[in-house]
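The structure appears below as structure tokens.
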Amino acid sequence: PYVDLSNVGSLLTGTGFKLPTIDVDDVQIGYPNMMVLMEHLGRMGEGNACLNRKERVGLGTFVGAACLYNELYSAKEHDGDDDDDEEEDDGIVASAQIIYGIAWKEHEAQPKPLERGTATHKMTDIAVTKTKG
1 PYVDLSNVGS LLTGTGFKLP TIDVDDVQIG YPNMMVLMEH LGRMGEGNAC
51 LNRKERVGLG TFVGAACLYN ELYSAKEHDG DDDDDEEEDD GIVASAQIIY
101 GIAWKEHEAQ PKPLERGTAT HKMTDIAVTK TKG
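Taking the working numbering, the leading residue of the sequence shown gets 1, the next gets one more, and so forth.
This is the structure:
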């Protein structure tokens with residue numbers, strides 16, 4: 001399913017977390033054909049979530065979709081190899097996004113920042129020395 005990244009941050013802040021940070025990895029996964037891809041999606045629990053969906057897709061529709069997917073997302077197109085002399089089937093590529101969301105939850109034992117202006121040292125007093133080696 002598609003998730004808007006701002007919704008992930010809103011979900012974290014809505015449950016009481018602070019300072020959410022969201023990161024995304026785009027991953028491309030190679031498969032020999034669409035049949036293997038569909039099998040893996042099914043085993044991951046992915047499926048059509050529509051309430052009025054058909055129980056099964058016809059074989060003609062499935063084969064047609066596999067041909068289109070092979071044409072649009074062939075591994076040969078994604079690896080930059082333009083060698084058209086080979087008739088070898090390199091399979092297909094599926095894309096996935098992995099979304100990471102982290103945030104903080106305040107706790108009474110957590111140290112609190114001091115009031116502004118109560119520092120005992122100035123940032124300009126900190127000297128950085130370089131070692132010669």
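Glycine included, C-beta positions come from ideal geometry on N, C-alpha and C.
Tell me whether the beta-carbon of residue 29 lies closer than 8 Å to the beta-carbon of residue 94. The residue you call residue 29 lines up with position 29 of the sequence shown. The residue you call residue 94 lines up with position 94 of the sequence shown. Residue 94 is positioned such that its CB atom lies closer than 8 Å to that of residue 29.
How is residue 5 classed by DSSP in three states: helix, strand or coil? Numbered from its first residue, the sequence shown carries residue 5 at position 5. If DSSP states are grouped into helix, strand and coil, residue 5 belongs with the helices.
From the DSSP output, which residues share a beta bridge with residue 18? The residue you call residue 18 lines up with position 18 of the sequence shown. For residue 18, which the question treats as bridged, DSSP gives the partners 104.
My output table needs one value for residue 109: the three-state DSSP class, helix, strand or coil. Here residue 109 corresponds to residue number 109 of the sequence shown, with the count starting at 1. Here residue 109 sits in coil by DSSP.
With burial defined as no fewer than 16 other Cβ atoms inside 10 Å of the residue's Cβ, what is the status of residue 129: buried or exposed? Counting from one through the sequence shown, the residue named residue 129 turns up at place 129. Model confidence at residue 129 stands at a pLDDT of 49, short of 50, so the residue's coordinates are unreliable; what they give is reported in the following sentence. So residue 129 ends up on the exposed side.
Between the alpha carbons of residue 58 and residue 91, how many angstroms are there, rounded? Here residue 58 corresponds to residue number 58 of the sequence shown, with the count starting at 1. Here residue 91 corresponds to residue number 91 of the sequence shown, with the count starting at 1. Their backbone Cα atoms lie some 23 Å apart in a straight line.
If we count the other Cβ atoms within 10 Å of its Cβ and call it buried at 16 or more, is residue 35 buried or exposed? Translated into positions along the sequence shown, residue 35 becomes position 35. With fewer than 16 other Cβ atoms inside 10 Å of its own Cβ, residue 35 counts as exposed.
Which residues share a DSSP beta bridge with residue 30? As a first step, residue 30 is located in the sequence shown; it is residue number 30 there, counting from the start. Answer is 93.
Would you report the Cα separation of residue 64 and residue 72, rounded to the nearest angstrom? As a working note, residue 64 is residue 64 in the sequence shown. As a working note, residue 72 is residue 72 in the sequence shown. Residue 64 and residue 72 have their alpha carbons spaced roughly 12 Å apart.
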